[in-house]
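Asks: Here it is: the structure, laid out below.
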Amino acid sequence: MARTNDDVAAVLEEYADLLAITGGEDFKIRVYQKAARSIGAHAADIDGYDAGELRQIPNVGEKIAHKVAEYLRSGTMAQLEELRGRIPAGVRALTRIAALGPKRAMVLHESLGVDSPESLESAIHAGALRDLPGFGAKTEENLLHGIALLRDAGERVQLGVAMPLAEDIVTALKSVQGCRRCGYAGSLRRMKDTIGDIDILATSNRPKVLMSAFIDLPQVTEVIVHGDKKTSVRTSQGLQVDLRVVPPDAWGAAMQYFTGSKAHNIRTREIAGHRKLKLSEYGLFDADTEELIVSKTEEEVYRRLGLPWIPPTLREDIGEIEAALAGELPELVTEDDVCGDLHTHTTLTDGHASLEEMVEAVAGRGYAYYAVTDHGPKLYMQQMTLEKAIAQRERVRELDGTSGLRLLHGVELNIDPDGDVDWPPDVLAGFDLCVASVHSFFDLPKDRTTRRLVRAAEHPCVNIIGHPSARLIGRRPPIDADWDQVFKACARSGTALEINAFPERLDLAAELIRRAKRHGVNFALDSDSHAVGHLDNLRYGIGTAQRGWLTADDVINTWPLDRLTAFLGKKEVLAGAR
DNA sequence: GCCGTTTTCGGCCCGACTGTTTTCAGTCG
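Under our numbering, the letters of the first sequence match residues 3 to 580, in that order.
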């Protein structure tokens, strides 16, 4: 479910951005950002809260509580509207360009009238930035690069944005009279890391009623086309949503068709052709007589093509058809296989929930074990110290075993440019597990980045390389490394690669997961939670792992605790033997 | 604008890099 909290957090972030662009006081901006994060991280849904209840949330004081209460009542805030009136939306979009913040965005707007990434690109090509103080040749180059990066992300939104929206729409449509079945298809069902538009499929004996209900949904701001079989709308986030209604008996064939991918469908239609069959969204037909053969379920459709049912996350025509024909489809890892989370944070560093709150939330998830891995001291802004880590460890030991949960005390180390990490081995040996991640120096030459990651992987105490490529979808490209060398080092040294489930990371990405798997690497599927609500993000990591063709056996946190601890302990044994 | 006191005002995660300057603002994590 898309939560009110997320809406409000987005609105407060927008307000903070607009304050920053208009030259607002730094501390004031930060307070709005902090309040946005606190509300986003607040465990309960704030829908219906009054100002008094809102004030109970950390970093929400009198002023912000009233603004948020106003938003909850009326759907907007007067002061936000005032700023929106002064600053074109495109100027805020400028700050999404890497290395361009609010200050220089405003300079560009005020002196050159730049009001979108596109107009900035034109201005650069026209040489308009040459005479602007503070903008040199290198800056122009960086800005063009940033604009290209933004364009590559295009109009697509992150999986973590599209999924809750699609689920809300499906839930709403299922309750409409006459609706028999409803579900999402397309790249969302294939769990791609970004989504261009949402495809929703339904069967109904009253399609007109369903379509009317669809265009009346509160999320809809624009109707693009409106018919009985297909209706397309745009939502307040600018995302297009297509609803297609098919006859009840065509559900399976339509689901297969609209799930795609296009490349996968071309292959399935080819196979149909070879068998003198014709496959469309309405069913599998005899090519000569046009007689319907099957259409009710996807399983039937695939079976009549001589194939087992192929999981949507594999349908990219990258070998799944061949594997299916050979009976060698992988038994994909599922959320039910996961026994614990191995990378999470608390308020000791940059998390928003205390150790106790996180543990309590996890206890309800049926995990067998759970690791707390706050940042090490090298991430200076977190102000971690060994004393704090040891105090946390004592508390972890006290809580261990409550609610049947085995607690592991870990740390997320920072990998420096040379591949070194925060603490010496004798300190690290005191942790149950060490995640090590890249948080800075993203632009090192490829050979240096490779050495850096290989050294980290070969460190006797590092068990998991966290978010290995350090990409931020639409904002920062992956670091450049000779990945095969890195994967070999991980396989050799018994270091797992993380699949970080945070929607803006999804790192490793599916393609690199497949490559790593060929080297025999193990993986850790982690939420990297900084709040209770983030624990649910794990499902996006599951989708990514499935797209990487992983089975439960590939993933160390599906293993029982004794096998996991043996894996974590093996590194030190290896190190001791050296 | 929030928080937490030394209770009504002062401090607010800290350090480093980049590109532009000629001593630093802007941006980032």
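C-beta atoms are modelled at their ideal positions from N, C-alpha and C, and glycine is treated no differently.
What's the gap between the Cα of Thr349 and the Cα of Ala18?
Replies: As a working mapping, residue 349 is identified with position 347 in the first sequence. As a working mapping, residue 18 is identified with position 16 in the first sequence. In a straight line, the C-alpha of Thr349 is about 23 Å away from that of Ala18.
Asks: List the endpoints of the continuous beta strand (DSSP E) containing Tyr186.
Replies: Along the first sequence, one-based indexing puts residue 186 at 184. That run of the beta strand (DSSP E) goes 181-186.
Asks: Just to confirm, are Ile475 and Gln160 a CB contact at a threshold of 7 Å?
Replies: For the purposes of this step, residue 475 is taken as the residue at position 473 of the first sequence. For the purposes of this step, residue 160 is taken as the residue at position 158 of the first sequence. Cβ atoms of Ile475 and Gln160: closer than 7 Å.
Asks: Are the Cβ atoms of Ala37 and Asn61 separated by less than 7 Å?
Replies: Here residue 37 refers to the residue found at position 35 when the first sequence is read from its first residue. Here residue 61 refers to the residue found at position 59 when the first sequence is read from its first residue. Yes, they are a contact pair.
Asks: Enumerated in chain order, which unbroken segments of the alpha helix (DSSP H) with a length of 4 residues or greater are wholly contained in the stretch 448-503?
Replies: 448-460, 485-495
Asks: Taking only the alpha-carbon atoms, compute the straight-line gap between Lys264 and Arg549 and give it to the nearest angstrom.
Replies: In the first sequence, counting from the first residue as 1, residue 264 sits at position 262. In the first sequence, counting from the first residue as 1, residue 549 sits at position 547. Lys264 and Arg549: Cα-Cα distance of roughly 16 Å.
Asks: Is Lys232 near the ligand SAH, in the sense that its beta carbon is under 6 Å from a heavy atom of that ligand?
Replies: Summarising the ligand content, the structure contains no ligands, and the ligand SAH is consequently not present.
Asks: Figure out for me which residue from Arg236, Val10, Gly308, Ala431 has the closest Cα to the Cα of His276.
Replies: Residue 276 sits at position 274 when you count from the first residue of the first sequence. Nearest of Arg236, Val10, Gly308, Ala431 to His276, Cα basis: Gly308.
Asks: Per the DSSP calculation, Ser442 is bridged to which residue(s)?
Replies: Here the question's residue 442 lines up with position 440 in the first sequence. None, per the DSSP bridge assignment.
Asks: Which value, in whole angstroms, describes the spacing of the CA atoms of Arg541 and Glu83?
Replies: Start at 1 with the first residue of the first sequence, and residue 541 comes out as number 539. Start at 1 with the first residue of the first sequence, and residue 83 comes out as number 81. So the two alpha carbons sit approximately 36 Å from each other.
Asks: Going by CA-CA distance only, name the one from Asp449, His44, His68 that's closest to Ser356.
Replies: Here residue 356 refers to the residue found at position 354 of the first sequence. It is His44.
Asks: Which runs of the beta strand (DSSP E) spanning at least 3 residues fall entirely within the stretch 209-246, listed in chain order?
Replies: 222-228, 232-237
Asks: Checking 7 Å against the spacing of the C-beta atoms, do Pro470 and Leu430 come in under that value?
Replies: Within the first sequence, residue 470 is the residue found at index 468, counting from 1. Within the first sequence, residue 430 is the residue found at index 428, counting from 1. No; because the gap between Cβ atoms is not below 7 Å, this pair is not in contact.
Asks: Is the beta carbon of Ala527 sitting closer than 7 Å to the one on Asn559?
Replies: Working through the first sequence from its first residue, we reach residue 527 at position 525. Working through the first sequence from its first residue, we reach residue 559 at position 557. It should be noted that the sequence gives Leu, not Ala, for residue 527. Contact flag set, yes.
Asks: I believe Leu415 touches Cys436 by the beta-carbon criterion, under 8 Å. Please report the beta-carbon distance rounded to the nearest angstrom.
Replies: On the first sequence, position 413 is the one that residue 415 refers to. On the first sequence, position 434 is the one that residue 436 refers to. That belief holds up - the Cβ atoms of Leu415 and Cys436 are roughly 6 Å apart, short of 8 Å.
Asks: Would you say Ser531 and Thr346 are within 7 Å of each other, going by their C-beta atoms?
Replies: The residue given as residue 531 occupies position 529 in the first sequence. The residue given as residue 346 occupies position 344 in the first sequence. Closer than 7 Å, so yes.
Asks: Less than 8 Å between the CB atoms is what I'm expecting for Leu334 and Ala256, so what's the real figure, rounded?
Replies: Taking the first sequence and counting its residues from 1, one reaches residue 334 at position 332. Taking the first sequence and counting its residues from 1, one reaches residue 256 at position 254. Not quite, the Cβ-Cβ distance comes to about 23 Å (not below 8 Å), so this is no contact.
Asks: For Gly550, write down the residues that DSSP places opposite it in a beta bridge.
Replies: By 1-based counting over the first sequence, the position of residue 550 is 548. DSSP output for Gly550 lists no bridge partner at all.
Asks: Name the two residues that bound the continuous beta strand (DSSP E) containing Asp19.
Replies: On the first sequence, residue 19 is found 17 positions in, with the first residue counted as 1. Per DSSP, Asp19 belongs to no beta strand (DSSP E); it is in the alpha helix (DSSP H), 6-23.
Asks: Roughly how many angstroms lie between the CA atoms of Asp428 and Pro462, to the nearest whole one?
Replies: Taking the first sequence and counting its residues from 1, the one referred to as residue 428 is at position 426. Taking the first sequence and counting its residues from 1, the one referred to as residue 462 is at position 460. Roughly 11 Å separates the two Cα atoms.
Asks: Kindly indicate which residue of Lys278, Tyr284, Leu279 has the alpha-carbon position closest to the one of Phe260.
Replies: Start at 1 with the first residue of the first sequence, and residue 260 comes out as number 258. Closest option to Phe260, Cα to Cα, is Tyr284.
Asks: Use the C-beta contact count for Phe216: other C-beta atoms within 10 angstroms, 16 or more gives buried, fewer gives exposed.
Replies: What you label residue 216 is simply residue 214 of the first sequence in a count that begins at 1. Buried, because 16 or more other Cβ atoms sit within 10 Å of the Cβ of Phe216.
Asks: Taking only the alpha-carbon atoms, compute the straight-line gap between Gly92 and Val374 and give it to the nearest angstrom.
Replies: Here residue 92 corresponds to residue number 90 of the first sequence, with the count starting at 1. Here residue 374 corresponds to residue number 372 of the first sequence, with the count starting at 1. Distance between the alpha carbons of Gly92 and Val374: 40 Å.
Asks: Hey, out of Ala472, Phe444, Arg477, Phe489, whose CA is closest to Arg457's CA?
Replies: Position 455 of the first sequence holds residue 457. Nearest of Ala472, Phe444, Arg477, Phe489 to Arg457, Cα basis: Phe489.
Asks: Let me check one thing: in DSSP terms, what residues is Asn539 bridge-paired to?
Replies: By one-based count along the first sequence, residue 539 stands at place 537. Residue pairing by DSSP leaves Asn539 without any beta bridge partner.
Asks: In terms of residues, what are the limits of the alpha helix (DSSP H) holding Thr205?
Replies: Locating residue 205 in the first sequence gives position 203, counting from the first residue. Segment 199-206 is the beta strand (DSSP E) holding Thr205; no alpha helix (DSSP H) there.
Asks: Exposed or buried, which one is Thr451 when buried takes at least 16 other CB atoms within 10 Å?
Replies: As a first step, residue 451 must be located in the first sequence, where it is residue number 449. So Thr451 ends up on the buried side.
Asks: Looking at Ile89 and Leu20, is the spacing between their C-beta atoms short of 7 Å?
Replies: Here residue 20 is taken as the residue at index 18 of the first sequence, counted from 1. Here residue 89 is taken as the residue at index 87 of the first sequence, counted from 1. In this structure, Leu20 sits near Ile89, with a CB-CB distance shorter than 7 Å.
Asks: Nearest-angstrom Cα distance between Gln179 and Trp561?
Replies: Here the question's residue 179 lines up with position 177 in the first sequence. Here the question's residue 561 lines up with position 559 in the first sequence. The straight-line gap from Cα to Cα measures roughly 45 Å.
Asks: Bridge partners of Thr346, per DSSP?
Replies: Here residue 346 is taken as the residue at index 344 of the first sequence, counted from 1. Its beta-bridge partners are Ser531.
Asks: Could you tell me whether the Cβ atoms of Ala512 and Asn539 are closer together than 7 Å?
Replies: Within the first sequence, numbered from 1, the residue matching residue 512 stands at position 510. Within the first sequence, numbered from 1, the residue matching residue 539 stands at position 537. No, Cβ-Cβ distance for Ala512 and Asn539 is not below 7 Å.
Asks: Could you check what DSSP says for Ala579 in three-state terms: helix, strand or coil?
Replies: By one-based count along the first sequence, residue 579 stands at place 577. Annotation note: pLDDT 46 at Ala579 (below 50); position unreliable, coordinate value reported separately. The answer is helix: DSSP assigns Ala579 an H, G or I state.
Asks: Answer yes if the stretch 158-174 comes into contact with the stretch 236-251, meaning at least three C-beta pairs across the two stretches below 8 Å, and no otherwise.
Replies: yes
Asks: Can you look up Gly162 in the DSSP assignment and give me helix, strand or coil?
Replies: Indexing the first sequence from 1 puts residue 162 at position 160. In this structure, Gly162 counts as helix in the three-state DSSP scheme.
Asks: Where are the beta strand (DSSP E) runs, 3 residues long or more, that stay fully inside the stretch 52-138, in chain order?
Replies: none
Asks: Using the C-alpha atoms, what's the distance from Gly136 back to Gly129?
Replies: Working through the first sequence from its first residue, we reach residue 129 at position 127. Working through the first sequence from its first residue, we reach residue 136 at position 134. So the two alpha carbons sit approximately 14 Å from each other.
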